[in-house]
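K.L.:
Okay, handing you the structure first.
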Amino acid sequence: MVFLEELEKKQKNMEEILGDVHEEEMRMSDSKKEKKAEQRKRKLIEAAPEEDDL
252 MVFLEELEKK QKNMEEILGD VHEEEMRMSD SKKEKKAEQR KRKLIEAAPE EDDL
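Take the sequence shown: its position 4, counted from the start at 1, is 255 in the working numbering, and no numbers get skipped.
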C-alpha cells in the first residue's frame, strides 16, 4: 500500500512539473512571437518613406 501511495505522489509531482514546463514553453513561444512582430515593425518603419521624401 505504501508503494502505491509513493507512485501516486511521484505521478502527481511529474504532472505538476510537466504543467510548469508547458507554461514555460508557452511563455517562450509568446516571447518569440513578440520579438518577430517587433522586427517586422522595425523593418516597416525603416522601409517607409520619410516625410522629406514625400
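C-beta atoms are modelled at their ideal positions from N, C-alpha and C, and glycine is treated no differently.
In this structure, does DSSP put M252 in helix, strand or coil?
P.N.:
For the purposes of this step, residue 252 is identified with residue 1 of the sequence shown, where counting begins at 1. Here M252 sits in coil by DSSP.
K.L.:
The ligand ADP and K263: does any heavy atom of the ligand fall closer than 7 Å to the residue's C-beta?
P.N.:
Summarising the ligand content, the structure contains no ligands, and the ligand ADP is consequently not present.
K.L.:
Return helix, strand or coil for E301, following the three-state DSSP convention.
P.N.:
Counted from its first residue, the sequence shown places residue 301 at position 50. Correct three-state label for E301: coil.
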